[in-house]
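Chemist: My structure is below; once you've seen it, I'll send some questions.
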Amino acid sequence: MAELNTDSHDKRVLMKGNEAVGEAAIKAGCLCYFAYPITPQTETPEYLARRMEEENRIFLQAESEIAAINMVFGASAAGARVMTSSSSPGISLKQEGISYIAGGELPCVIINVVRGGPGLGNIEASQADYFQSTRGGGHGDYRCIVLAPNSVQECYDMVMNAFDISDFYRVPVIIQSDGIIGQLVEPFNMHPYKPMYEKLPPKDWALTGCLGRKPNVVRTLFLNPPNGLEMHNRKLNDRYNKIKTELRWSDEFNCDKADIIVIAYGATSRIAKSAIKKHNNNGIKVGLFRPKTLWPWPDVELVEVARKNKGAKFLVIEMSTGQMIEDVQLTLMDIVPKKDILFYGMGGGWNPTPDQIYEEISRVIKK
Amino acid sequence: MTDSEINIMIAGFGGQGVILAGNVLAYACVDAGKNVCAMASYGAEVRGGTAKALISISDHEIDSPVIEMPNLAIIMNAPSFIKYIDTIKPGSPVIVNSSLINMDKTTTTKHDIVGVDATNFAIKMGNIKVANIIMLGAMIKKTHILEPQSVVNGMKRAFYKGKKGLYYINESAFRAGYELI
Chain W
1 MAELNTDSHD
11 KRVLMKGNEA
21 VGEAAIKAGC
31 LCYFAYPITP
41 QTETPEYLAR
51 RMEEENRIFL
61 QAESEIAAIN
71 MVFGASAAGA
81 RVMTSSSSPG
91 ISLKQEGISY
101 IAGGELPCVI
111 INVVRGGPGL
121 GNIEASQADY
131 FQSTRGGGHG
141 DYRCIVLAPN
151 SVQECYDMVM
161 NAFDISDFYR
171 VPVIIQSDGI
181 IGQLVEPFNM
191 HPYKPMYEKL
201 PPKDWALTGC
211 LGRKPNVVRT
221 LFLNPPNGLE
231 MHNRKLNDRY
241 NKIKTELRWS
251 DEFNCDKADI
261 IVIAYGATSR
271 IAKSAIKKHN
281 NNGIKVGLFR
291 PKTLWPWPDV
301 ELVEVARKNK
311 GAKFLVIEMS
321 TGQMIEDVQL
331 TLMDIVPKKD
341 ILFYGMGGGW
351 NPTPDQIYEE
361 ISRVIKK
Chain A
1001 MTDSEINIMI
1011 AGFGGQGVIL
1021 AGNVLAYACV
1031 DAGKNVCAMA
1041 SYGAEVRGGT
1051 AKALISISDH
1061 EIDSPVIEMP
1071 NLAIIMNAPS
1081 FIKYIDTIKP
1091 GSPVIVNSSL
1101 INMDKTTTTK
1111 HDIVGVDATN
1121 FAIKMGNIKV
1131 ANIIMLGAMI
1141 KKTHILEPQS
1151 VVNGMKRAFY
1161 KGKKGLYYIN
1171 ESAFRAGYEL
1181 I
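Protein chains in written order, with the numbering used here: chain W, 1 to 367; chain A, 1001 to 1181.
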């Protein structure tokens, strides 16, 4: 968007979430970006069409989502920092490519600005792709790291982090945004790129031309030896377990001796926070637990919240008919009675209002 | 949404600059050091269809980007008035474009209605497109939610470098709107 050309002291920049995603990719050194337009994520390719050219990098509007993800596969194999973005139906199309990228142990960043489904669904905000992102999505035993921003600032910060995390673990990273967060215009601090790690491992596996060195091979087919794929899966699984111990992000608000803990992520967490503050003002003890990484799931942190808030009821709120609640139930099954884990939500591009969540919390209190 | 939050709806038909007026307002808030959160209708919007921008302004952290009930509005055309007037909090100021909305039809509502002959005045200024900024000027005069200078600075931010002509006519439109009521 506009350059700052005023004499104002406030150096915050105003952008849509989708545009902040694009600028963060530029700042993080994303060399190639391949995508296909779809509402509500099109501002990212629109923004990068201009910015990538300015930076003399690669912007390519592919002929389809499938083409775009396979271009990501190729660029990543060649060692480039690479990103693609889409919204739910387009992300479904990309699943085969994501499975290959995960199998080939390649880093990349994938943006999903989730909209209502199934099928073409609609263009409203939704969180119905939780299962798809956190369970792999395509075929085979693999996981993607999933980060869920709830503001334009976090869109910017998390995309930068995503490139580093992906290079560090050689695992695809998905930014799970939604139609509200992507379209939201907010001021944010556009700070310079801050690397997450002191040093990233060298990309000595990249296909950069093998003149004078042993050829590298990026493979996803393991026929020999007969247990080759098993060994490969074991190696991936060890890595996923390492990620589970090193990368669980979550946020807490008033999770101290609360009677009710609301669990929500993305746009829903902000709508819920408005309702929670209103209850807090009336002296009702309600807290908010917000997962910022959807995979790895912040299980240790949630258990700790349950321990700190003994006897509390847990209200999971999602813009879906209930997906994240399964992770909550699995995490709390030994410490919270199942009847105390409640759900509020709807699919189809529906989003709650602060008043609706306020009323739902009131209902839970009366139960 | 807290009581100190100002939640503004700007509505009109696609092409009237509803979204742009919202962006200018958001830039003005950044200039004034306030927090702001803006959502515009997106998707299959076309010139002539309805368009809507929702802007929350606060000195505190803004949580919900979803606005329950706007407590201030700018309405640019008659279909938007009919569609949205009941969603606006009773008693709130509503600035209506009297060039395109029959003011007799606005007397039955429980809002603080202010008519501004924005489209006709914009035509007189030589560019029908600045009606949105004229409305914005009138709204700022009516409500004093921001200093006029912040909006002027906001317009400097909102209009790209190299389109200075656009900035100047919009600044004139803003000042005209400010003087109209």
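Where a beta carbon is used, it is the ideal one built from N, C-alpha and C, also for glycine.
Just so we're clear, the structure is a prediction, and the values are computed from it rather than from any experiment.
1. Considering only their Cβ atoms, is the gap separating S126 of chain W from G345 of chain W smaller than 8 Å?
2. Helix, strand or coil for V364 of chain W, going by three-state DSSP, please let me know.
3. Could you tell me the alpha carbon to alpha carbon distance between M1135 of chain A and N1097 of chain A, rounded to whole angstroms?
4. For M190 of chain W, list the residues DSSP reports as bridge partners.
5. Kindly indicate the opening and closing residues of the beta strand (DSSP E) around G345 of chain W.
6. Going residue by residue through the stretch 39-92 of chain W, where are the continuous alpha helix (DSSP H) segments of at least 4 residues, counting only ones entirely within it?
7. In whole angstroms, what is the alpha-carbon distance linking T321 of chain W and V13 of chain W?
8. Does the beta-carbon of S85 of chain W have 16 or more other beta-carbons within 10 angstroms, so that it is buried, or is it exposed?
9. Compare the Cα-Cα distances from E304 of chain W to each of W:I335, W:V218 and W:C30 and report the closest residue.
10. Taking all protein chains shown into account, decide if E3 of chain W is buried (16 or more other Cβ within 10 angstroms of its Cβ) or exposed.
11. Strictly below 7 Å CB to CB, what residues from chain W border E1171 of chain A?
12. Does the contact criterion of 3 or more C-beta pairs under 8 Å hold for the stretch 301-315 of chain W versus the stretch 214-231 of chain W?
13. Would you check if the distance between the CB atom of I260 of chain W and the CB atom of L302 of chain W is smaller than 8 Å?
14. Tell me, please, which residues DSSP counts as bridged to T33 of chain W.
15. Starting from V1036 of chain A, find everything on chain W with Cβ-Cβ shorter than 9 Å and list it in chain order.
16. Are the C-beta atoms of E1068 of chain A and some chain W residue less than 8 Å apart?
17. Of the choices A:V1152, A:I1128, A:G1115 and A:H1111, whose alpha-carbon is the least far from that of L1180 of chain A?
18. Given a cut-off of 8 Å on the beta-carbon distance, is the pair G287 of chain W and A264 of chain W in contact?
19. In whole angstroms, give me the CA-to-CA distance for Q176 of chain W and N56 of chain W.
20. Are there 16 or more other CB atoms within 10 angstroms of the CB of T44 of chain W, so buried, or fewer, so exposed?
21. So the candidates are A:Y1178, A:Q1149 and A:A1032; which of them puts its Cα closest to the Cα of A1138 of chain A?
22. Please state the DSSP three-state secondary structure of M1076 of chain A.
23. Which of helix, strand or coil does DSSP assign to E318 of chain W?
24. Give the secondary structure of T268 of chain W by DSSP, where H, G and I count as helix, E and B as strand, and everything else as coil.
25. Closer than 7 Å by beta-carbon distance: list the chain A residues that pair up with D167 of chain W, in chain order.
26. Between N227 of chain W and A78 of chain W, what straight-line distance do the alpha-carbon atoms span, to the nearest angstrom?
27. Between A:L1072, A:R1175, A:L1166 and A:M1155, which has its C-alpha nearest A1026 of chain A's C-alpha?
28. Does the separation of the CB atoms of I1008 of chain A and A1073 of chain A fall below 8 Å?
29. Strictly under 8 Å for the Cβ-Cβ distance: is S274 of chain W near chain A by that measure?
30. Alpha carbon to alpha carbon, how far is L294 of chain W from D141 of chain W?
31. So V113 of chain W and D157 of chain W are supposed to be a Cβ contact under 8 Å. How far apart are they, rounded?
32. If I'm right that A28 of chain W touches M160 of chain W with Cβ under 8 Å, what's the distance once you round it to whole angstroms?
33. Taking the alpha helix (DSSP H) that E252 of chain W falls in, what are its first and last residues?
34. Looking at the C-beta of L4 of chain W, does it have a partner C-beta in chain A at a distance below 8 Å?
35. Is any beta-carbon of chain W found at less than 8 Å from that of A1138 of chain A?
36. Find the nearest neighbour of P89 of chain W within the set W:G119, W:R51 and W:G103, judged by alpha-carbon distance.
Modeler: According to the structure shown:
1. no
2. helix
3. Roughly 7 Å between the two C-alpha positions.
4. Bridge partners of M190 of chain W: none, in fact.
5. I341 to G345
6. 43-54 and 65-77
7. Straight-line measurement puts the Cα of V13 of chain W at about 36 Å from the Cα of T321 of chain W.
8. buried
9. W:I335
10. Only weak support exists for where E3 of chain W lies, its pLDDT of 38 falling under 50; the value from the coordinates is given anyway. Counting Cβ neighbours within 10 Å, E3 of chain W comes out exposed, since fewer than 16 surround it.
11. Simply none; closest approach about 13 Å.
12. no
13. no
14. It should be noted that the sequence gives Tyr, not Thr, for residue 33 of chain W. Beta-bridge pairing links Y33 of chain W to W:F59 and W:M83.
15. L14, V185, E186 and P187
16. yes
17. A:G1115
18. It is not a contact, given that the beta carbons lie outside the stated cut-off.
19. If you take the alpha carbons of Q176 of chain W and N56 of chain W, they lie about 28 Å apart.
20. buried
21. A:Y1178
22. coil
23. strand
24. Note: T268 of chain W maps to helix in three-state DSSP.
25. Correct list: empty, because the minimum Cβ distance to chain A is about 32 Å.
26. Taking the Cα positions, N227 of chain W is about 28 Å away from A78 of chain W.
27. Taking only the C-alpha atoms, the option nearest A1026 of chain A is A:M1155.
28. yes
29. yes
30. One Cα belongs to L294 of chain W, the other to D141 of chain W, and the distance between them is close to 17 Å.
31. So it is not a contact: roughly 17 Å between Cβ atoms.
32. With a Cβ gap of about 5 Å, A28 of chain W and M160 of chain W count as contacting.
33. Here E252 of chain W belongs to no alpha helix (DSSP H); instead the beta strand (DSSP E) covers S250 to F253.
34. Confidence at L4 of chain W is low in this model, with a pLDDT of 36, below 50, so the placement of that residue should be treated as unreliable; the coordinate-derived value is given next. Yes, L4 of chain W lies at the interface with chain A (some Cβ there is under 8 Å from its Cβ).
35. Not closer than 8 Å to any Cβ of chain W, the Cβ of A1138 of chain A fails to qualify, so no.
36. W:G119
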